[in-house]
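Enquirer: Take a look at the following structure, please.
There are 2 protein chains.
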Amino acid sequence: MSADQPVTVEVGLGDRAYDILIGSGLLSRAGTEISRRLPGTRAAVITDANVAAAHLDALKDGLEKSDIQPAVITLPPGEKTKSFAHLEEVVDGVLAARLERGDIVIAFGGGVIGDLAGFAAGIVRRGMNFVQIPTSLLAQVDSSVGGKTGINSARGKNLVGVFHQPKLVLADTEVLDTLPIREFRAGYAELAKYGLIDRPAFFAWLEENWARVFAGGPERAQAIAEACRAKADVVARDEFETGDRALLNLGHTFGHALEAATQYGGTRLVHGEGVAIGMALAHRFSSRLNLASPDDAARVEAHLRAVGLPWRMADIPGDLPDAEALLSFIAQDKKVSRGALTFILTRGIGQAFIAKDVPASEVLSFLKESHPGEQESRPGQQKSRPSQQKSRPR
Amino acid sequence: MSADQPVTVEVGLGDRAYDILIGSGLLSRAGTEISRRLPGTRAAVITDANVAAAHLDALKDGLEKSDIQPAVITLPPGEKTKSFAHLEEVVDGVLAARLERGDIVIAFGGGVIGDLAGFAAGIVRRGMNFVQIPTSLLAQVDSSVGGKTGINSARGKNLVGVFHQPKLVLADTEVLDTLPIREFRAGYAELAKYGLIDRPAFFAWLEENWARVFAGGPERAQAIAEACRAKADVVARDEFETGDRALLNLGHTFGHALEAATQYGGTRLVHGEGVAIGMALAHRFSSRLNLASPDDAARVEAHLRAVGLPWRMADIPGDLPDAEALLSFIAQDKKVSRGALTFILTRGIGQAFIAKDVPASEVLSFLKESHPGEQESRPGQQKSRPSQQKSRPR
């Protein structure tokens with residue numbers, strides 16, 4: 001295992017500040033990096049069966065070097081694991097290992113494990129130390145920054161949880177080589193999102209360098225670090241999601257509706273793919289509302305297509321519900337505040353903003369135009385624009 | 001219903017500051033007081049079957065005056081309700097009512113309901129608004145101040161939860177008239193605790209005025225307000241229990257051991273009774289260690305006896321496990337940090353302090369002396385004292 005010097009991204013949250021280390025060979029250094037920051041503590045590792053089979057021995061070796069012999073709790077892989085039943089299982093396991101408040105819960109897996117283990121760490125003894133070792137690209141760029149933890153409810157995804165910041169994140173870029181390519185690509189959609197929100201130069205860099213990010217050169221760590229910095233900036237401005245943090249939902253309102261429309265099956269559409277199509281639609285919708293140039297929408301679509309991501313509804317295999325039904329999924333989304341439709345729209349690449357009170361009729365017409373089964377043309381362009389909230393200068 | 005001007009206690013926690021209103025007739029003003037602070041919000045009331053039968057109509061009338069028609073979730077009464085299963089039930093109920101982050105969860109009941117509903121409010125959508133309407137004396141003086149919420153685990157009480165501060169607490173003193181006298185007395189033990197921790201004048205006032213507190217005159221609101229102020233002072237100094245807040249555990253280490261020894265049955269010993277005996281033992285133990293005068297221990301014992309509370313182990317009906325077994329309950333207590341025995345001891349009435357590294361042998365000898373089944377006399381007084389941590393001057 002190589003052990004190049006990792007890139008460090010500092011997440012500045014005052015007395016909850018922490019480091020993200022990004023680089024190859026970090027599993028073998030896990031004990032050293034953890035002990036340096038949290039000396040003399042004991043740990044429980046929460047993981048899933050797939051990650052355990054591929055990487056648990058390497059992590060245990062890395063922890064063993066600093067005399068950390070963790071309790072290990074292994075869960076079934078998959079989104080269904082984010083449930084009350086598994087939360088209780090993890091909580092009981094951590095308590096059974098007699099860990100105290102100053103000891104550590106280590107999340108070792110993708111977003112599901114990170115969200116579930118982080119939630120457990122946030123509630124056992126009203127908050128234990130928490131370390132993230134994300135093993136998917138999505139988790140490295142997204143779930144591991146920001147402190148959101150949680151589980152799903154029968155009423156919707158991520159409706160139950162807490163804000164609980166980790167003390168350290170170790171993103172081992174080598175581990176990503178064992179990911180199925182479809183999963184890597186899905187994570188890449190969230191990575192590219194940060195260019196589209198407010199870093200146009202990063203998006204241009206990705207258009208040039210995406211193949212090296214996929215191949216695993218130093219560009220991979222560079223790209224992950226830039227995405228983490230971008231997210232950390234937004235989170236530091238708005239830790240508890242009362243304002244700007246909503247920008248991170250770029251692509252997610254359309255994306256969640258498409259995920260819901262395909263029953264979150266994960267066969268037809270995984271989360272990052274939904275976000276990819278959602279981002280393309282958000283740009284096209286912004287162009288349709290005369291907010292942004294159609295050239296920018298075309299550029300986003302071209303890049304997603306180039307890396308092999310779906311970018312339009314027609315790319316989803318099988319039939320979709322009609323536009324009315326898709327709109328009803330959007331209206332049920334938790335980002336709907338008091339009945340008004342809130343969208344993240346854009347004025348161009350890297351110029352996303354929060355648009356409140358977007359008229360449902362506009363969304364419906366746009367969905368009809370974009371729907372592979374309902375290709376009606378519309379008589380003319382709408383003049384009314386939604387009220388806008390400028391994203392703050394940085 | 002009378003509606004005298006309530007006493008207001010401000011809990012100063014920066015941007016999490018809130019008011020406690022204490023007085024009679026507050027249920028009928030609930031809508032007014034809530035709407036003044038959280039206008040235009042919807043609510044869910046979490047309560048138990050006993051409280052609902054006695055007081056739910058009065059609360060609903062009070063809310064109705066401000067057009068609040070709450071969803072109501074009624075749970076079985078009793079400590080067993082603080083479980084994962086009931087937590088999930090409350091979370092689902094709040095989500096089913098389609099409440100959003102800015103809406104309110106109202107805890108309407110004793111400590112069990114407050115802890116459970118507060119935990120649910122802390123995790124639904126990662127934190128909703130929370131209002132406490134405590135209906136027991138214990139909850140009014142203790143559970144409603146400090147932001148601790150949680151449930152029990154098979155591994156112990158209150159091991160799972162979050163810190164989540166309410167936006168408002170309404171302590172209606174009239175509601176307490178429907179409490180069984182034993183429960184009122186048990187709550188009184190926690191109230192008197194604040195005099196013993198650091199308010200000697202309050203303890204002296206209680207020695208004079210306790211009968212009027214029981215009878216329900218203005219002294220009742222006065223006493224509850226003083227206890228809330230005392231707790232709020234400690235919590236404001238140490239919101240997340242890293243130091244001084246441990247003073248609130250006066251009487252609780254011995255008390256929890258006795259509760260555990262009686263299987264938390266609630267028939268032989270309720271929590272406040274355990275605390276009463278625990279406080280008397282903490283004073284007697286401090287005197288035995290030559291830290292405090294035996295006269296102070298005698299004064300505490302006399303007051304507890306006067307109000308009808310148990311004050312020694314012999315007051316618990318039935319047999320107790322032996323001193324060794326009681327010590328093992330103490331050593332399992334979550335307040336044991338890394339194997340060292342931590343106790344709240346005292347230098348006299350109103351002079352409690354945190355004592356770390358109390359030798360287990362001292363505790364064992366004292367338990368043997370105090371145990372009704374093991375009345376051995378000891379050969380002489382021990383000279384060694386535990387290390388001390390001074391409580392901060394105020």
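Chain order of the listed sequences is A and B.
If you read the first sequence in the UniProt record's numbering, its first letter stands for residue 1, the second for the next number, and so on.
If you read the second sequence in the UniProt record's numbering, its first letter stands for residue 1, the second for the next number, and so on.
Cβ atoms here follow ideal geometry from the backbone N, Cα and C, with glycine treated the same way.
Name the chain B residues whose beta carbon is nearer than 9 angstroms to that of Asp-103 (chain A)?
Expert: One-based indexing of the first sequence puts residue 103 (chain A) at position 103. Per Cβ cutoff of 9 angstroms: no residues; Asp-103 (chain A) is ~10 angstroms from chain B at best.
Enquirer: Quick one: using the 10 Å Cβ neighbour count with 16 as the cut-off for buried, is Ile-330 (chain B) buried or exposed?
Expert: Taking the second sequence and counting its residues from 1, the one referred to as residue 330 (chain B) is at position 330. Under this definition Ile-330 (chain B) is a buried residue.
Enquirer: Along chain B, in chain order, which residues have C-beta atoms closer than 9 angstroms to that of Glu-239 (chain A)?
Expert: Here residue 239 (chain A) refers to the residue found at position 239 of the first sequence. Result: empty, since nearest Cβ-Cβ is about 11 angstroms, beyond 9 angstroms.
Enquirer: Thinking just about the alpha-carbon of each residue, which of B:Asp-244, B:Ala-211, B:Gly-272 and B:Leu-248 is nearest to the one in Cys-228 (chain B)?
Expert: Position 228 of the second sequence, counting from 1, holds the residue named residue 228 (chain B). Answer by Cα proximity: B:Leu-248.
Enquirer: Classify Glu-259 (chain B): buried if its beta carbon has 16 or more other beta carbons within 10 angstroms, exposed otherwise.
Expert: Looking up residue 259 (chain B) in the second sequence gives position 259. With 16 or more other Cβ atoms within 10 Å, it is buried.
Enquirer: If we define contact as Cβ-Cβ less than 7 angstroms, is Val-90 (chain A) a contact residue for chain B?
Expert: Along the first sequence, read from residue 1 onward, the residue named residue 90 (chain A) stands at position 90. With 7 angstroms as the cut-off, Val-90 (chain A) does not count as an interface residue toward chain B.
Enquirer: Any C-beta of chain A sitting closer than 7 angstroms to the C-beta of Val-11 (chain B)?
Expert: Taking the first residue of the second sequence as 1, we reach residue 11 (chain B) at position 11. So no, Val-11 (chain B) is outside the interface.
Enquirer: Please list, in chain order, the chain A residues whose beta carbon lies closer than 9 angstroms to that of Lys-65 (chain B).
Expert: Position 65 of the second sequence, counting from 1, holds the residue named residue 65 (chain B). Per Cβ cutoff of 9 angstroms: no residues; Lys-65 (chain B) is ~23 angstroms from chain A at best.
Enquirer: Going along the chain, which residues of its own chain have a beta-carbon closer than 8 angstroms to the beta-carbon of Glu-324 (chain B), five neighbours each way excluded?
Expert: On the second sequence, residue 324 (chain B) is found 324 positions in, with the first residue counted as 1. Answer for Glu-324 (chain B): Leu-364, listed in chain order.
Enquirer: Just list the beta strand (DSSP E) runs in the region 162-227 of chain B, keeping only unbroken ones of 3 residues or longer that don't cross its boundaries, in chain order.
Expert: The qualifying runs are 168-172.
Enquirer: With DSSP collapsed to three states, give me the class of Pro-359 (chain A).
Expert: For the purposes of this step, residue 359 (chain A) is identified with residue 359 of the first sequence, where counting begins at 1. Coil.
Enquirer: Quick one: what's Ser-153 (chain B) bridged to in DSSP?
Expert: If you number the second sequence from 1, residue 153 (chain B) lands on position 153. DSSP, once it has assigned bridges, lists B:Gly-156 as partnering Ser-153 (chain B).
Enquirer: Going by beta carbon distance, what residues of the same chain come within less than 7 angstroms of Ser-153 (chain B), once the five residues before and after it are set aside?
Expert: Position 153 of the second sequence holds residue 153 (chain B). Hits under 7 angstroms: Leu-159 and Val-160.
Enquirer: Tell me the DSSP bridge mates of Asp-48 (chain B)?
Expert: The sequence position of residue 48 (chain B) within the second sequence is 48, counting from 1. According to DSSP, which records beta bridges pairwise, Asp-48 (chain B) is partnered with B:Leu-75.
Enquirer: Once the 5 residues before and after Arg-338 (chain B) are set aside, which same chain residues still bring their CB inside 7 angstroms of it?
Expert: Taking the first residue of the second sequence as position 1, residue 338 (chain B) is located at position 338. Reliability fails at Arg-338 (chain B), whose pLDDT of 47 lies under 50, so the model's placement of it is uncertain and the value that follows must be treated cautiously. Nothing listed; no residue qualifies.
Enquirer: Out of A:Lys-157, A:Val-94, A:Gly-146 and A:Ala-107, which has the shortest C-alpha to C-alpha gap to Arg-125 (chain B)?
Expert: Numbered from 1 along the second sequence, position 125 holds the residue referred to as residue 125 (chain B). If we check each option's Cα against that of Arg-125 (chain B), A:Lys-157 comes out closest.
Enquirer: Hey, is Val-234 (chain A)'s beta-carbon within less than 7 angstroms of any beta-carbon in chain B?
Expert: Walking along the first sequence from the start, residue 234 (chain A) turns up at place 234. No, Val-234 (chain A) lies away from the interface with chain B (no Cβ there is under 7 angstroms from its Cβ).
Enquirer: Given a cut-off of 7 angstroms, decide if Val-141 (chain A) and Ser-190 (chain A) are closer than it, judged by their beta-carbon atoms.
Expert: Translated into positions along the first sequence, residue 190 (chain A) becomes position 190. Translated into positions along the first sequence, residue 141 (chain A) becomes position 141. The question names Ser, but residue 190 (chain A) is Glu in the sequence shown. Against a cut-off of 7 angstroms, the Cβ pair of Val-141 (chain A) and Glu-190 (chain A) comes out as a contact.
Enquirer: Pairs of beta-carbons, one from the region 44-51 of chain B and one from the region 236-245 of chain B, closer than 8 angstroms: are there three or more?
Expert: Short answer: they don't touch.
Enquirer: Rounded to whole angstroms, how far is the Cβ of His-303 (chain B) from the Cβ of Gly-278 (chain B), which I believe are closer than 8 angstroms?
Expert: In the second sequence, the residue the question calls residue 303 (chain B) occupies position 303. In the second sequence, the residue the question calls residue 278 (chain B) occupies position 278. The Cβ separation is near 15 angstroms, so there is no contact.
Enquirer: Please list the terminal residues of the continuous alpha helix (DSSP H) segment that includes Phe-84 (chain B).
Expert: As a working note, residue 84 (chain B) is residue 84 in the second sequence. That run of the alpha helix (DSSP H) goes 84-96.
Enquirer: Taking Phe-163 (chain B) as the query, report the chain A residues whose CB atoms sit under 7 angstroms from its CB, ordered along the chain.
Expert: As a working note, residue 163 (chain B) is residue 163 in the second sequence. Simply Arg-126.
Enquirer: Using a Cβ-Cβ cut-off of 7 angstroms, state whether Leu-247 (chain A) counts as contacting chain B.
Expert: Counting from 1 along the first sequence, the entry for residue 247 (chain A) is found at position 247. With 7 angstroms as the cut-off, Leu-247 (chain A) does not count as an interface residue toward chain B.
Enquirer: In this structure, what does DSSP give as the bridge partners for Asp-19 (chain A)?
Expert: Your numbering for residue 19 (chain A) matches position 19 in the first sequence. A:Glu-10 and A:Leu-168.
Enquirer: For Pro-70 (chain B), which residues in the same chain have their Cβ closer than 8 angstroms to its Cβ, ignoring the five residues on either side in sequence?
Expert: In the second sequence, counting from the first residue as 1, residue 70 (chain B) sits at position 70. Around Pro-70 (chain B): Arg-42, Ala-43, Ala-44, Val-45, Lys-60, Leu-63 and Ile-106.
Enquirer: Would a check of beta-carbon distances place Ser-35 (chain B) closer than 7 angstroms to chain A?
Expert: Here residue 35 (chain B) refers to the residue found at position 35 when the second sequence is read from its first residue. Closer than 7 angstroms: no.
Enquirer: Using beta carbons (cut-off 7 angstroms, strictly below), is Ile-123 (chain A) in contact with chain B?
Expert: As a first step, residue 123 (chain A) is located in the first sequence; it is residue number 123 there, counting from the start. At least one chain B Cβ lies under 7 angstroms of Ile-123 (chain A).
Enquirer: Verify the CB distance criterion: does Val-112 (chain B) have a CB-CB separation below 7 angstroms to chain A?
Expert: Taking the first residue of the second sequence as 1, we reach residue 112 (chain B) at position 112. Not closer than 7 angstroms to any Cβ of chain A, the Cβ of Val-112 (chain B) fails to qualify, so no.
Enquirer: What's the call for Lys-368 (chain B), buried or exposed, on a 16-neighbour Cβ count within 10 Å?
Expert: Taking the second sequence and counting its residues from 1, one reaches residue 368 (chain B) at position 368. So Lys-368 (chain B) ends up on the buried side.
Enquirer: Look at Ala-7 (chain B) and Ala-225 (chain B) and say whether their C-beta atoms are less than 7 angstroms apart.
Expert: Numbered from 1 along the second sequence, position 7 holds the residue referred to as residue 7 (chain B). Numbered from 1 along the second sequence, position 225 holds the residue referred to as residue 225 (chain B). Note that residue 7 (chain B) is Val in the sequence shown, not Ala. Yes, Cβ-Cβ distance for Val-7 (chain B) and Ala-225 (chain B) is below 7 angstroms.
Enquirer: Considering Thr-346 (chain B), what are the terminal residues of the beta strand (DSSP E) in which it resides?
Expert: The sequence position of residue 346 (chain B) within the second sequence is 346, counting from 1. Taken as a continuous stretch (DSSP letters only), the beta strand (DSSP E) holding Thr-346 (chain B) covers 343-346.
Enquirer: Hey, how far is the Cα of Thr-198 (chain B) from the Cα of Lys-356 (chain B)?
Expert: Taking the second sequence and counting its residues from 1, one reaches residue 198 (chain B) at position 198. Taking the second sequence and counting its residues from 1, one reaches residue 356 (chain B) at position 356. In the sequence as displayed, the identity of residue 198 (chain B) is Asp instead of Thr. C-alpha separation (whole angstroms): 19 angstroms.
Enquirer: What number of angstroms, rounded off, separates the C-alpha of Gly-308 (chain B) from the C-alpha of Gly-109 (chain B)?
Expert: On the second sequence, position 308 is the one that residue 308 (chain B) refers to. On the second sequence, position 109 is the one that residue 109 (chain B) refers to. Roughly 24 angstroms separates the two Cα atoms.
Enquirer: Can you tell me the Cβ-Cβ gap for Gly-111 (chain B) and His-164 (chain B), rounded? I've got them flagged as a contact below 8 angstroms.
Expert: Position 111 of the second sequence holds residue 111 (chain B). Position 164 of the second sequence holds residue 164 (chain B). 15 angstroms between Cβ atoms; not a contact.
Enquirer: Which two residues bound the contiguous alpha helix (DSSP H) that contains Ile-113 (chain A)?
Expert: The residue given as residue 113 (chain A) occupies position 113 in the first sequence. Unbroken alpha helix (DSSP H) run through Ile-113 (chain A): 111-123.
Enquirer: Cα separation between Asp-67 (chain A) and Pro-134 (chain A)?
Expert: Stepping through the first sequence from its first residue, residue 67 (chain A) is reached at position 67. Stepping through the first sequence from its first residue, residue 134 (chain A) is reached at position 134. The alpha-carbon atoms of Asp-67 (chain A) and Pro-134 (chain A) are separated by roughly 22 angstroms.
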